[in-house]
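Going by this note's numbering, 191 is the number at position 159 of the sequence shown; the sequence numbering is gapless.
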Amino acid sequence: MQFHKIQFQLLFILFSLLGVAQQLPPIVKYSKDVYGAGIQNWMISQDNHRFMYFANNEGLLEFNGSKWILNPSPNETIIRSVKCINDKIYTGSFMEFGYWQRAINGQLSYISLSHSIKDKINDDEQFWGIFPFDNWILFQSLEKIYAYNTKTKAFTIINPNSTINKAFKTANGIYFQTTKGLYEIDQGKSKLFLSNDIINQNKLINIFDTNDGLILVTQKQGIFNYKNGVLSKFSTNVDAEIQQSNIYSSQMLSDESIALGSISNGIFILSKEGKLIYHITQNSGLSNNTALSLFEDIDKNLWIGLDNGINCINLKSPIKSYLDNTGILGTTYASITHNNKLYIGTNQGLFCKDLNSTSKFEFVQNTKGQVWNLFSYQSTLFCGHDSGTFIINDKNAIPIFAASGTWKFVPFGNTNYILQGNYNGITVLEKKNNTWVYKNKIKGFNYSSKHFEILNTNEIYVSHEYKGVYKFKVDNSLLNASDIIKFDNLTKSKNATLAKYNNQIYYASKDGIFKMNNTTKVFEKDKSLSVIFQNDEYVTGKMIVDKSNKLWFFTKNYIHYYSSGKLSPELKKSSLPIPSSLTNSMPGYENILQLSDETYLIGTTDGYYVLKNNEFKFSNHKVSLFGVSNNVINSKSTSISLTEKGTFDHDENNLAFNYTVPEYDKYINAEYQYKLEGLHDEWSEWSFNSQVVFENLPAGDYVFSVRAKVANSVTDNIATYSFVIKKPWYANNWAMMFYFILLIVLGYYINKFYTIYHEKRHQRIIAENNILLELKELENEQQIMKIKNEQLTQDVDKKNKELAVSTMNLIKKTELLNIIKGDLKNSTDSTTNRSIKSVISTINKNVKEENTWNIFKEAFDSADNNFLKKVKENHPSLTPNDLRLCAYLRLNLSSKEIAPLLNISVRSIEIKRYRLRKKMNLPHEMGLVEYLLAI
């Protein structure tokens, strides 16, 4: 128990150690990987087009708001100084100085000034400062100052014969410091201006003009005033810290405040009275603690050239942020002001500090864990927590409900009841004896109620992210839920929410914003509000109603708010160009607190930021076309002149256009719209892309136009570029004339060819018809031949039938005669014996086998086209009897029918058939008759 107590005390001390709650202006960070050059940046300047230039380790670095461009130094050395003067960018590096000028194609080209005096430049000289003064440009090294006359092109060299620590320019003169003191340049010569122990023993960082004289910034001894020959201390409330920080750079800002850049302690910004405005270090947002250079641009942004990267601080931004780099505070989910204190509810617990002060945040006891909601009602502050509900008294939290986590609080009418949405339904808090206590849970509805509203006293609407929207009624005693219905026409979606505004229920999801029709009790899509979710702008449906009755929405690229019209029921829309990617808010848990009429606090994942709505003012921006390039396939792109009308060959039809609005505010992004007349005359959709590429453009005349929109304000100008893509040689006018003549010639020859072709075709058709007639005649002859063959076949069949009939008759005759002969032989009458023998003899002559066979053979050969001869040739070993058997078998006679023709028994016929097969060597599976029929 003692261990847990000590652990809690340590945790409380840790939370109480949160530093000063310093709200800082937005800081835009550009790392080496972003700008693509060296890590160190020694000096910064800005030209008339608002483009930024940096003296970088690897060359002259240019930034136009959309694109970083590195121009390598002329001798591949570190560029130490840069200064934009009129239309030229002067730079100084190792034994080299000169200027860069923009060519007609938008690219920078370098012209050396030092080459004409190379013999007068000492070895290893580097040029650390550039100062314009009247018609002169001064280049300062550590040994000399070279004054270049822009009219006569002549040089004047100032050699103090002593090391120059640094040179300075004020409104009335040029100064430089050596170990002997501070010198002023007068009429091309140096004269001692100030010499004392402070100046001689301390390196000066900068000198500024003021109405009361000069301000001198030293490296280690702080700041001094110089007036009427007297040097006095310029006191600040952070003198000790400044003297220990080793100041390296400084800049007087447009409001006469002073920015100091240190070697190891970030930057200090002091008011003109010497009060600390900001102290910004790596812990509070800088990329690095070493500030090599400082520069204030036209828009009053403070640029910092760091030892590792570039930062831009939007000092005049209406947004100030509190950044928690320690992670102790955590992600902000809720905020509220109560009893002159600011309370912040995070995933780490509840914290508070005095309102409108820079005092530190302190941890509220007993609130460790996730805070979901803060709600003030009847002078009581409620905290909705993962552990339940707490009442907050100053820096103490008193639990009053712990059954479930609490999402939200909604008063029930003007009574002493509060409904609170919990993880598993809705519960009731009641005020008894001036103390709030838990009353009961409403039975019958058990879904998580993160978003719910009360309408018409007893109607409760609940939005569940994964289930949809429900409505139910609660009885007067707040005990039971009834008439529960689900709205099927509303689709559930991620981060969808529900809110009450002007006594109407609104539901916002990825499908749009829907409003409850109080008459039909149906949600209807509000088209005017839903516009803000078009073009993939939906991130969250979170809706918040502030104290001044504004309805807030958060989209991908904007924060929108609506207010009620005074003369019309239509809601008035206003938009702030703050994208969700930069605000770093937790999607679905966005929270906004109205601190005053126009000041709001918005929670983020690493603290919060405060915006002053009435200070969102935007200067007139102009869009500029800074690059046009074209390329042929498989070749490098070529930059094109921006001042002349472009003319391109037909194969140079891939063009890229680069444009920009030089705006450097962290929370303002320019959107662009373009059109290419000649291809399409309609403006494109608004896009954040600052480049567009057209490929394979056809030949023709074109005008490219681009305009920009910054914070819903369209730029005054439209940047244009006209160009022509020429037709290929095979499509120009001469080619067209040639094609016309060629077409006539081709037409003549085609007509001639067609005539010849038609004649040949006519002759070919005649020849083909003749061939068809001959073929027809041949077909007729073949048909006649076929008919004759069929007739012959019929004749053969007829003869075969006749032969078969004759054979059968012969068989019958022979059988009959044999029967008669048999009967005569059986007769015993002697008187008739002689006569019988005579008859028998006659019968024998008529049934003689040889005679029968010869008759048959002659008829068979004539009918069957020498069948017996073919059989004999195929089987020479066959006997005449075998041939006779073959003939009878070919006539398809049975063994019983053949036996009387051969005058032998049926059994003998079967034996003969078997022997015949053997002589013919017929295989077992082939029938004898089948074989004979096939011959």
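For each residue, glycine too, the CB sits at the ideal point set by N, CA and C.
Everything numeric in this text was worked out from a predicted model, so none of it was measured.
(message) Rounded to whole angstroms, what is the Cα-Cα separation between W761 and M769?
(response) In a straight line, the C-alpha of W761 is about 12 angstroms away from that of M769.
(request) Evaluate E647 with the Cβ neighbour count: other Cβ atoms within 10 Å of its Cβ, from every protein chain shown; 16 or more gives buried, anything less gives exposed. (result) So E647 ends up on the exposed side.
(request) Closer than 7 angstroms by C-beta to G97: which residues in its own chain qualify, once you throw out the five before and the five after it? Chain order, please. (result) Cβ neighbours of G97 beyond the five flanking positions: T692, V693, P694, E695, Y696.
(message) Taking the beta carbon of Y771 as the centre, do at least 16 other beta carbons fall within 10 Å, making it buried, or is it exposed?
(response) When all chains shown are included, Y771 counts as exposed.
(request) Out of Y539, I576, K758, state which residue places its alpha-carbon closest to the alpha-carbon of V554. (result) Distances from the CA of V554 to each of Y539, I576, K758 were compared; the closest alpha carbon is that of Y539.
(request) Look at the Cβ atom of F565, then the Cβ atom of E556, and state whether they are nearer than 9 angstroms. (result) Against a cut-off of 9 angstroms, the Cβ pair of E556 and F565 comes out as no contact.
(message) Whole angstroms are fine: how far does the CA of F484 sit from the CA of S441?
(response) Inspection of the sequence shows that residue 441 is occupied by Phe rather than by Ser. Using only the alpha carbons, I get a separation of about 9 angstroms.
(request) Decide yes or no for the touch test of the segment 392-412 against the segment 659-679: beta carbon pairs closer than 8 angstroms, at least 3 of them. (result) At 8 angstroms Cβ cutoff, the stretches do not touch.
(request) Leaving out five residues on either side along the sequence, give the residues of the same chain with a beta carbon under 7 angstroms from the beta carbon of N154. (result) Counting only Cβ-Cβ distances below 7 angstroms, and skipping sequence neighbours, we find E175.
(message) Tell me the DSSP secondary structure of E727 in three-state form.
(response) Assignment of E727 by DSSP, reduced to helix, strand and coil, places it in the coil class.
(message) With DSSP as the reference, identify every bridge partner of K463, one or two as the case may be.
(response) DSSP lists W468 as partners of K463.
(request) Measure how close the beta-carbons of I301 and F86 come, nearest whole angstrom, since I'm counting them as under 8 angstroms. (result) Contact doesn't hold; Cβ gap of about 21 angstroms is too wide.
(message) Whole angstroms are fine: how far does the CA of K818 sit from the CA of K951?
(response) Approximately 38 angstroms between the Cα atoms of the pair.
(request) Out of Y594, I345, G620, state which residue places its alpha-carbon closest to the alpha-carbon of K604. (result) In terms of CA proximity to K604, Y594 leads the group Y594, I345, G620.
(request) Return the residue from the list E216, A272, M284, V262 that minimises the CA-CA distance to N238. (result) Among E216, A272, M284, V262, the Cα nearest to that of N238 belongs to M284.
(message) By alpha-carbon positions, which one of H417, K677, S411, F159 ends up nearest to T378?
(response) Closest in C-alpha terms to T378, from the list H417, K677, S411, F159, comes H417.
(request) Would you list, in sequence order, the uninterrupted beta strand (DSSP E) runs of no fewer than 3 residues that lie entirely inside the segment 273-300? (result) Within the segment 273-300, the complete beta strand (DSSP E) segments of 3 residues or longer fall at 279-284, 290-294, listed in chain order.
(request) State the Cα-Cα distance for the pair Q54 and K307, rounded to the nearest angstrom. (result) A direct Cα-Cα distance of roughly 15 angstroms separates Q54 from K307.
(message) Am I right that F163 and I206 are in contact with their C-beta atoms under 8 angstroms? What's the rounded C-beta distance?
(response) About 6 angstroms separates the beta carbons of F163 and I206, which is inside the 8 angstroms limit, making them a contact pair.
(message) To the nearest angstrom, how far is the alpha carbon of L583 from that of S656?
(response) The straight-line gap from Cα to Cα measures roughly 36 angstroms.
(request) Apply the 10 Å Cβ neighbour rule to L326 and answer buried if 16 or more other Cβ atoms are within range, or exposed otherwise. (result) L326 comes out buried.
(request) Round the Cβ separation of Y590 and P609 to the nearest angstrom and send it over; I've been treating them as touching at under 8 angstroms. (result) With a Cβ gap of about 6 angstroms, Y590 and P609 count as contacting.
(request) Would you check if the distance between the CB atom of C384 and the CB atom of K373 is smaller than 9 angstroms? (result) Taking C-beta atoms as the reference points, C384 and K373 count as a pair closer than 9 angstroms.
(message) So, for N535: in the same chain, excluding its five sequence neighbours on each side, which residues have a beta-carbon less than 6 angstroms away from its beta-carbon?
(response) The answer is none, since no qualifying residue turns up.
(request) Measure the CB-CB distance between I110 and E94 and report whether it falls below 9 angstroms. (result) Not a contact, by the Cβ cut-off of 9 angstroms.
(message) What residue range does the beta strand (DSSP E) around L625 cover?
(response) Its beta strand (DSSP E) spans residues 624-626.
(message) Would I474 and I450 qualify as a contact pair, given that the criterion is a beta-carbon distance under 9 angstroms?
(response) Not a contact, by the Cβ cut-off of 9 angstroms.
(request) For D713, count neighbouring Cβ atoms within 10 angstroms of its own Cβ and tell me buried if that reaches 16, exposed if not. (result) Counting other Cβ atoms within 10 Å of its Cβ, D713 stays below 16 and is therefore classed as exposed.
(message) Extract the residue ranges of the alpha helix (DSSP H) inside the segment 422-507, only unbroken runs of 4 or more that lie entirely within it.
(response) Counting only unbroken stretches of 4 or more residues, no alpha helix (DSSP H) element lies wholly within the segment 422-507.
(message) Only counting the same chain, and skipping five residues up and downstream in sequence, which positions put a Cβ closer than 8 angstroms to that of T489?
(response) Counting only Cβ-Cβ distances below 8 angstroms, and skipping sequence neighbours, we find G445.
(message) Going by DSSP, what residue range makes up the beta strand (DSSP E) through L326?
(response) For L326, the enclosing beta strand (DSSP E) starts and ends at 323-328.
(request) Tell me whether the beta-carbon of G453 lies closer than 9 angstroms to the beta-carbon of S419. (result) The answer is no: Cβ separation not under 9 angstroms.
(message) As a quick exercise: from F200, K902, F519, I851, pick the residue whose alpha carbon is nearest that of V494.
(response) With distances taken between CA atoms, V494 lies nearest to F519 out of F200, K902, F519, I851.
(message) What does the alpha-carbon distance come out to for the pair L848 and N821?
(response) N821 has its alpha-carbon roughly 40 angstroms from the corresponding atom of L848.
(request) For G678, I'd like the list of residues in its chain whose CB is within less than 6 angstroms of its CB, leaving aside the five on either flank, ordered along the chain. (result) So the qualifying residues of the chain are I672, F755.
(request) Thinking N88 and G70 are a contact (beta carbons under 8 angstroms), I'd like their distance in whole angstroms, please. (result) Indeed they touch by this definition, with Cβ atoms about 5 angstroms apart.
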